[in-house]
Structure formats: structure tokens, C-alpha cells
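Before any comments, here is the structure.
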Amino acid sequence: MASYSDRDEEDLKLALALSMQQSPPKDADRLGANNEAVDLTSDTEEEDDDMRRAIAMSLQECRKSSSPRPPKTQSQSHTTLSEQRASHEIPSLPTTRTASGSAAPSGQMGLSGLDRKAMEEARLARCGKRKRDPSPDQPHKQIASTAPAQSRQPTTFDSNPKHGRELQYPRGAIKRTFATGFPRTNDITIDEVLQAESVNIAVVSSFMWDSEWLNKKLSPLKVKQIWIMNAKSQDVQQRWVREMEDAGIPNLRIHFPPMGGLIHSMHSKFMLLFGRDKLRLVVPTANMTPMDWGDKVNNWQPGVMENSLFLVDLPRRSDGVMGKKQDLTTFGKELVCFLEKQELDKKVIEGVLKFDFTQTDHLAFVHAIGGVHKGEQQQLSTGLPGLAKAIRDVHLDDVKEIELDYASASLGAINDNFLQRIYLAAQGKPLTTTSAVSQVRRHFRIYFPTDDAVQNSIGGPDCGGIISLSSHYYNAATFPRECLRNYDSTRRGMLSHNKLLFVRGIKNDGRPFAWVYVGSANMSESAWGAQKVLKSGQTGSLNIRNWECGVLMPVPNEKMADMKLNDGAIPPMSVFRGTVEVPFVCADPLYGQYGDKQPWFRVVG
51 MASYSDRDEE DLKLALALSM QQSPPKDADR LGANNEAVDL TSDTEEEDDD
101 MRRAIAMSLQ ECRKSSSPRP PKTQSQSHTT LSEQRASHEI PSLPTTRTAS
151 GSAAPSGQMG LSGLDRKAME EARLARCGKR KRDPSPDQPH KQIASTAPAQ
201 SRQPTTFDSN PKHGRELQYP RGAIKRTFAT GFPRTNDITI DEVLQAESVN
251 IAVVSSFMWD SEWLNKKLSP LKVKQIWIMN AKSQDVQQRW VREMEDAGIP
301 NLRIHFPPMG GLIHSMHSKF MLLFGRDKLR LVVPTANMTP MDWGDKVNNW
351 QPGVMENSLF LVDLPRRSDG VMGKKQDLTT FGKELVCFLE KQELDKKVIE
401 GVLKFDFTQT DHLAFVHAIG GVHKGEQQQL STGLPGLAKA IRDVHLDDVK
451 EIELDYASAS LGAINDNFLQ RIYLAAQGKP LTTTSAVSQV RRHFRIYFPT
501 DDAVQNSIGG PDCGGIISLS SHYYNAATFP RECLRNYDST RRGMLSHNKL
551 LFVRGIKNDG RPFAWVYVGS ANMSESAWGA QKVLKSGQTG SLNIRNWECG
601 VLMPVPNEKM ADMKLNDGAI PPMSVFRGTV EVPFVCADPL YGQYGDKQPW
651 FRVVG
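Residue numbers (the numbering used here): 51 to 655.
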């Protein structure tokens with residue numbers, strides 16, 4: 051059988067092995083972490099053979115225990131998500147349900163729904179190197195025939211492949227998430243994103259999780275994983291660590307970025323999917339739940355919630371060595387900076403640096419690093435100042451005028467001051483005392499569903515729990531109501547969890563341009579940062595409550611050159627065709643307002 055004999059693959063595995071342990075805590079007592087090294091790089095054929103046998107046993111037991119379990123109803127699933135979002139903290143890791151509907155004891159079933167007894171046998175198979183003769187009660191051939199075909203495939207690769215794999219998205223692409231029951235367009239399924247059969251190591255960041263569902267898509271029995279999770283309090287972090295340890299799941303560790311001070315949420319969403327030939331970076335607006343990915347949750351209901359994502363395939367460096375951060379494209383530098391600030395183990399960063407970022411020079415990685423940031427506007431590279439820097443980096447500044455269309459799943463206490471800050475950042479300009487924008491509301495359209503739209507959607511109001519606006523914010527005299535447009539999906543009846551900012555404009559030299567942001571940042575100061583100009587003329591500290599990340603992708607210059615525009619005209623929304631599929635019906639600039647309709651309020655008051 052094939053083994054990890056390829057030098058590059060072995061280097062990557064060694065580089066990331068340490069990160070598969072529990073993330074080193076800032077305070078050992080806080081997380082109760084175990085600092086013992088865990089061997090995650092075993093590559094002998096004997097252990098691989100034993101591991102496959104143990105995996106087959108585990109999957110067989112998992113199938114027996116889970117087959118009679120009735121599926122959750124759409125209402126049950128989304129009510130739970132709503133409750134989790136309302137508290138901004140998941141109270142505990144998801145548990146597996148028995149056929150009777152009661153939660154299985156944690157000593158028997160872990161958060162993945164996999165049998166701990168079989169997990170322990172898998173561990174013993176690796177550590178004890180049991181005899182290869184099949185036991186009388188579990189014949190080897192019988193196990194191989196009853197296990198799914200996928201479970202029999204080793205996670206290792208031939209070190210001398212005959213044919214290299216072509217990269218599917220070498221310069222990046224933006225896709226819609228798949229939706230069950232709707233025609234396929236420029237969409238992509240979670241399985242097409244993960245390509246689990248080719249992934250060795252996965253780092254996954256999400257605000258909300260359905261761990262049982264994800265483990266069916268990306269099994270920790272075959273793929274080593276780090277989950278970056280949201281938990282503000284140390285008590286919750288400690289409980290999750292204990293539950294993860296009690297579950298006894300191999301190859302899976304959880305990590306919490308810094309959450310002290312004013313930081314409220316770890317809301318960023320991304321995946322680093324390490325394979326033999328490539329690193330796939332994915333930045334979705336979706337959480338790790340079947341609802342957000344349009345996955346089938348029952349036998350009769352189509353998809354209810356749509357999202358978007360950016361993905362890019364980075365080839366392994368041809369020289370086989372680890373690169374340097376300072377030699378990366380700006381996109382690569384900001385990605386690595388973000389991972390460093392989240393305090394991922396340096397071995398993860400070293401693994402990323404073994405891949406080639408050359409073809410990302412037209413893109414920008416935009417992030418919000420939670421916490422208080424001090425310094426001049428031009429020096430800051432996160433939050434809205436970071437967006438402004440990204441615009442300058444990809445040469446989309448020197449702007450005369452822009453129009454902005456923002457689809458957001460949550461709206462904060464927005465006002466004209468916040469709109470002006472976004473407008474300036476989208477031009478690559480800093481916030482100053484003289485940077486007021488006249489009639490800024492005329493340049494904004496904010497896509498958010500009306501109450502009627504949610505009530506009449508496919509999933510109904512039970513699915514609106516992750517769409518958030520407080521009536522207290524909306525009823526404030528400073529709230530820009532006239533900017534609101536109903537989010538009417540082109541897949542009629544679907545609700546949106548998208549965070550998409552479409553910007554179109556003309557430069558001072560008369561040339562048109564357009565770009566789109568896709569990521570985790572909703573339209574709120576919690577996501578982009580709060581900042582004021584002081585009486586001295588200097589800017590105050592930038593206060594960011596959420597961890598966020600996204601990607602900025604320009605419409606190619608050749609596409610702009612093909613646009614037939616009058617002199618000084620701003621491109622229409624159709625300019626994005628071929629770059630991103632606009633998922634909503636574009637409202638009339640003047641007559642698309644709510645009128646007498648009310649927005650969807652998740653929180654009344």
C-alpha cells in the first residue's frame with residue numbers, strides 16, 4: 051500500500067502535528083489542557099492496516115447506532131440554531147440523539163455520534179500494533195465488505211503519482227452554496243468544497259456547528275482536524291475541552307482565539323484544507339450547519355437558507371521549502387497575519403508557507419481582529435482601515451464616486467456616521483475631520499428581508515433565527531431606513547445568510563471599476579470596528595468586538611473594457627456577471643424601499 055514517503059508530505063505532516071494537540075492555552079488552569087505530545091504522524095504499513103480495520107469496525111458500529119435515529123424536523127433544527135444565535139454562545143457541543151430522542155450518555159457517545167468503544171479499539175490498534183490475523187468474531191474480509199467503500203481508502207497517497215492534479219480554482223472564485231431542490235447554477239455543495247478524499251489535514255473556523263453532520267462530511271478518523279470555535283467565557287471553553295476529551299475522538303482538537311476584553315464573538319469563517327498537491331482556502335459566509343449549506347435535512351423540504359463563499363487552490367511550492375511571510379503577496383501576508391493573531395500554533399503557519407500564493411496578487415484578504423487597536427489610520431490593517439488598505443493594495447483607490455449594495459444577515463445600530471466610514475474605506479480613504487460625505491444614504495442599498503419575506507419563505511419564521519435586527523435599532527431616529535431593500539432571492543423563497551458588499555464606481559480619470567467583498571462581516575460596528583475622530587484631529591482607538599474575515603475580488607479589467615458605458619457613468623449591477631452570481635433581485639434605486647412594510651425583527655425591543 052502507499053505510505054507517507056514523499057518528503058514534502060512528510061514535512062507538512064510533521065509541521066502540523068503539534069497543532070493537532072489541544073491548542074496551548076494562555077492559562078493552563080483556564081483550559082485544563084493536556085500538554086502531552088500526541089503522535090499524529092505514524093506512517094508504517096502495519097499501523098495503517100490495523101487502523102483501516104479499526105475504522106471499519108467503528109463505522110460499522112456508528113451505522114448500527116445511528117440508523118434508527120429519526121431525523122430532526124426543520125423546525126427543531128432551526129429553533130435550536132435560533133436559540134444559539136440569540137445568546138451569541140453555543141451552550142454545549144451538540145449531542146447525539148438515540149432512537150427515543152433522549153441524549154446518549156457522554157461516556158458512550160461523543161459529540162460526533164461515533165461509538166467511543168470503537169474509537170478506543172482504533173487507538174489500541176495504532177498503539178498496540180495488534181496481530182494482523184483477524185479475530186474469530188470480526189473476520190477481516192467481512193469487515194471490509196460491510197464497511198463503506200470510502201472507509202477502505204487510506205488517507206495516504208502514492209509518493210510518485212503518474213499524473214499531477216490540475217488546480218480547479220488557481221486564481222480564486224466566488225460561488226453560491228448549493229440548495230436542495232433548486233436548479234444548479236454557479237453553486238457548489240459542501241462535498242465539492244471539502245473534497246474529503248484528497249484532504250489530509252483541515253483547519254475549520256465557524257461561529258456555529260453541527261458536529262455530527264460535519265464529521266459525516268469530513269471524518270476525523272481519516273482527516274486530522276483543528277476546529278476554531280466561538281466561546282467567550284473560560285467556563286464554556288473548559289467545558290468544551292472536557293467534552294471533546296470525553297468524546298475520545300482521534301485527530302480532532304479545538305482552538306479558541308483570544309477572547310478577552312471587549313471581544314464578543316469569534317465570528318470568522320474559513321477552512322484550510324491541506325492535501326498532497328494543494329492547499330484549498332475557503333472563506334464562506336456559512337456556518338458549519340446543514341441549513342447554511344443547503345444540505346438535505348429531510349425527505350420533502352428544499353433548501354431554506356443560502357450563502358456564498360470564496361475559494362482558491364494554492365499549489366505546493368515547486369522548490370519544496372517553506373517560504374517567508376515577507377515574500378508573500380499582500381493577500382498571503384494578511385492571511386498569515388490573521389492566523390497569527392488568532393494564535394494558531396506556528397506549525398500551522400509553517401504549513402501554509404509551503405504553498406505558492408503567486409496567483410493571488412489581484413485579491414485582498416480583509417479581516418477584523420478582535421480587540422483595541424491604536425495608531426494612525428494609514429498604519430492599521432484591520433477592520434474598516436484594513437478594508438481601505440486593501441483597496442489601495444489592489445489599486446482601486448483614486449475614486450470619484452461609488453455606489454454600494456450590501457447584503458447582510460444582521461444589522462447593527464447603523465447611522466450616517468457608520469455609512470460614511472464604510473463609504474470612505476471602500477474608496478481607500480482614511481477617516482478624518484474633513485471627510486464627511488454629502489447625502490451618503492443615496493449611495494447605499496442594504497438588502498435585508500421584510501417580515502413578510504421571512505414569514506412566507508420556504509422554511510418560515512423558524513428559519514429566521516440567524517437573521518438579526520433589533521426593533522430598538524430600527525426605530526432610532528438615526529437609522530437609515532430609506533436604504534433598506536427587501537432581500538428577494540433569485541431562488542424564490544430562500545432566506546439569506548450572505549454577507550456581500552458590491553461596489554461599483556468611476557475613478558478620477560473616468561475609468562469604471564467594480565469589486566465585491568464576500569466574508570463573515572455583517573453591517574455593524576461590531577464586525578468592522580468603532581472609531582471616532584478626536585477634537586485634536588487625530589483618530590481614536592479602533593475597537594473591534596468580533597473576529598471576522600473575508601476576501602475582496604475585483605471585476606477583471608478586461609471585463610470593464612467590454613462595458614459599453616457613457617462617459618462618467620457608473621457600471622450597472624450586471625457588471626458582476628462572470629465574477630459573482632448576484633443572488634438577489636436588484637431593487638430600483640429610487641422605488642425599492644420597504645414602503646409601509648416592516649423588516650424582520652429577531653429581537654423585538
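Glycine residues also receive a C-beta, built at the ideal position from the N, C-alpha and C atoms.
Our two residues, residue 564 and residue 606, have alpha carbons roughly 9 angstroms apart in a direct line. Check the Cα spacing between residue 451 and each of 649, 553, 255: the tightest is with 553.
One thing to note: residue 600 has its Cβ no nearer than 8 angstroms to the Cβ of residue 592. Taking all protein chains shown into account, residue 439 has 16 or more neighbouring C-beta atoms within 10 Å of its C-beta and is therefore buried. Residue 541 is not bridged by DSSP to any residue. If you draw a straight line from the Cα of residue 396 to the Cα of residue 372, it comes to about 13 angstroms. Each of 459, 549, 295 was checked against the Cα of residue 499, and the nearest Cα belongs to 459.
The way I'd put it, the segment 313–320 does touch the segment 333–344; three or more beta-carbon pairs between them come closer than 8 angstroms. For the segment 304–383, the full-length beta strand (DSSP E) segments reaching 3 residues or more read 320–325, 328–334, 358–365 along the chain. A residue is called buried once 16 or more other Cβ atoms fall within 10 Å of its Cβ, and residue 233, having fewer, is exposed. DSSP places residue 263 in the uninterrupted alpha helix (DSSP H) bounded by 261–267.
At a Cβ-Cβ threshold of 8 angstroms, residue 414 and residue 443 count as neighbours. Boundaries of the alpha helix (DSSP H) harbouring residue 240: 240–244, taken from the DSSP string. In the DSSP assignment, residue 453 falls outside any alpha helix (DSSP H) and within the unbroken beta strand (DSSP E) covering 449–457.
The beta carbons of residue 651 and residue 488 sit no closer together than 8 angstroms. About 7 angstroms separates the CB atoms of residue 535 and residue 643; that is less than 8 angstroms, so the two are in contact. The criterion of a C-beta distance shorter than 8 angstroms is satisfied by residue 634 and residue 538. Around the beta carbon of residue 617, a 10 Å sphere encloses fewer than 16 other beta carbons of the protein chains shown; the residue is thus reported as exposed.
With distances taken between CA atoms, residue 648 lies nearest to 502 out of 467, 238, 502, 596. Per DSSP, residue 293 is one residue of the alpha helix (DSSP H) stretching across 284–297. By the CB criterion at 8 angstroms, residue 365 and residue 466 fall outside the cutoff. Taking the Cα of residue 512 as reference, the smallest distance to any Cα among 410, 374, 492, 545 is reached at 545. Distance between residue 477 and residue 361, taken at the CA atoms: about 25 angstroms.
Contact annotation, residue 323 with residue 227: C-beta distance approximately 16 angstroms; criterion of less than 8 angstroms not satisfied. In the three-state reduction of the DSSP assignment, residue 546 falls in the strand class, which pools E and B. Check the Cα spacing between residue 559 and each of 446, 492, 310, 597: the tightest is with 446. Residue 557 is bridged by DSSP to 449.
In this structure residue 224 does not touch residue 267 by the C-beta definition: roughly 21 angstroms separates them, more than the 8 angstroms allowed. Contact between residue 379 and residue 410 holds: CB atoms are separated by about 5 angstroms, below the 8 angstroms threshold.
Rounded to whole angstroms, the Cβ separation of residue 389 and residue 398 is 7 angstroms, and the two are in contact under 8 angstroms. Among the bridge pairs identified by DSSP, residue 495 is matched with 455. Residue range 596–604 is occupied by the beta strand (DSSP E) that includes residue 602, with no alpha helix (DSSP H) assigned at that position. Judged by DSSP secondary structure, residue 417 falls within the beta strand (DSSP E) whose first and last residues are 414–418.
Of 627, 620, 403, the smallest CA-CA separation from residue 609 is found for 627. The Cβ-Cβ distance between residue 594 and residue 420 falls below 8 angstroms. Of the candidates 400, 341, 352, 354, the residue whose Cα lies closest to the Cα of residue 370 is 400.
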